[in-house]
Amino acid sequence: MFRSGALPATLPDDPMPLVRDWFDDARRRKVQPNPDAMVVATATPDGTPTARVVLCKKLVVSPGYAVFFTNYDSRKGQELAANPRVAAVLHWDALGRQVRLEGRVVRCPPQESDEYFASRALDSRIGAWASLQSQPLDSRTTLLKRVAVEAARHGTSPPRPPHWGGYHLWPEVVELWCEGAFRVHDRARWSRELVPAGEPGFTAGAWHSTRVYP
Numbered sequence: 317m318f319r320s321g322a323l324p325a326t327l328p329d330d331p332m333p334l335v336r337d338w339f340d341d342a343r344r345r346k347v348q349p350n351p352d353a354m355v356v357a358t359a360t361p362d363g364t365p366t367a368r369v370v371l372c373k374k375l376v377v378s379p380g381y382a383v384f385f386t387n388y389d390s391r392k393g394q395e396l397a398a399n400p401r402v403a404a405v406l407h408w409d410a411l412g413r414q415v416r417l418e419g420r421v422v423r424c425p426p427q428e429s430d431e432y433f434a435s436r437a438l439d440s441r442i443g444a445w446a447s448l449q450s451q452p453l454d455s456r457t458t459l460l461k462r463v464a465v466e467a468a469r470h471g472t473s474p475p476r477p478p479h480w481g482g483y484h485l486w487p488e489v490v491e492l493w494c495e496g497a498f499r500v501h502d503r504a505r506w507s508r509e510l511v512p513a514g515e516p517g518f519t520a521g522a523w524h525s526t527r528v529y530p
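Residue numbers for the sequence shown follow the working numbering, beginning at 317 and rising by one.
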């Protein structure tokens with residue numbers, strides 16, 4: 317099994333190309349069932365945290381953000397609307413690698429969400445209409461009835477629900493970790509400043525890096 321125990325001796329100015337390389341490598345090797353699984357942690361305005369696993373669908377190296385999709389009315393969607401700061405982790409234990417991201421999110425442009433939604437399997441598109449994500453459910457039978465109703469209503473061409481779409485996660489901090497023998501791991505952190513810039517999201521400053529003790 318391939319395992320990388322060290323980061324480059326000279327840290328790159330921008331961590332995002334290396335993050336994408338690791339992401340692509342994990343997907344190509346297929347040594348884990350869901351190599352694009354990403355834990356996303358959100359918090360309410362008063363600081364109550366929650367975390368869950370989503371799928372990282374894309375990494376955009378420049379200007380530097382990750383993309384995931386969800387129900388905007390879900391608990392995470394509501395928390396992101398109230399407090400757009402997030403933390404996320406991609407962990408590939410089979411490869412001895414981990415990426416941590418800390419930053420802010422903005423919603424994807426509607427066209428981007430439309431295009432991704434249209435690429436999903438039909439059952440997944442129907443499910444997005446049927447599920448009132450995070451709301452109380454009296455029985456699974458009720459959910460299955462909702463699926464049947466939405467399938468009959470939309471047929472084979474369901475549009476994207478208005479309550480469903482994507483986010484761009486813009487990291488202010490990126491931390492990369494490589495597993496080392498006897499827990500002598502290799503770990504480095506990059507940080508940058510983000511300035512709000514309207515619809516596109518942010519204008520990003522230069523990255524600053526440092527190695528840190530594991």
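Note that the Cβ used here is the ideal one computed from N, Cα and C, for glycine as well.
For clarity, every value in this text was computed on a predicted model and none was experimentally measured.
Excluding its 5 nearest sequence neighbours in each direction, D329 has C-beta neighbours in its own chain below 7 Å: W523, listed in chain order. Under the three-state reduction of DSSP output, W480 falls in the strand class. Here DSSP, grouped into helix, strand and coil, assigns V347 to coil. Comparing alpha-carbon positions, the option among S525, G380, A342 lying closest to Q414 turns out to be A342. Where T366 is concerned, the enclosing beta strand (DSSP E) starts and stops at 365–371. Using a C-beta cut-off of 8 Å, the segment 473–484 makes contact with the segment 406–423, since at least three inter-stretch Cβ pairs fall below that distance. Here DSSP, grouped into helix, strand and coil, assigns G471 to coil. The residues R420, in chain order, have a CB closer than 6 Å to that of R401 in the same chain once the five nearest residues on each side in sequence are set aside. If the five residues before and after P379 are omitted, its C-beta is found closer than 6 Å to the C-beta atoms of A520, all from its own chain and listed in chain order. Where R527 is concerned, the enclosing beta strand (DSSP E) starts and stops at 524–527. Membership of R423 in the beta strand (DSSP E) is indicated by the continuous run 413–423.
By the neighbour-count definition (other C-beta atoms within 10 Å, threshold 16), T386 is a buried residue.
The beta-carbon distance between F384 and V370, rounded to whole angstroms, is 5 Å. This is short enough to meet the 8 Å contact definition. Judged by DSSP secondary structure, P361 falls outside any alpha helix (DSSP H); it is assigned neither H nor E. Fully contained in the segment 373–404 are the following beta strand (DSSP E) runs of length 3 or more, in chain order: 374–376, 381–387.
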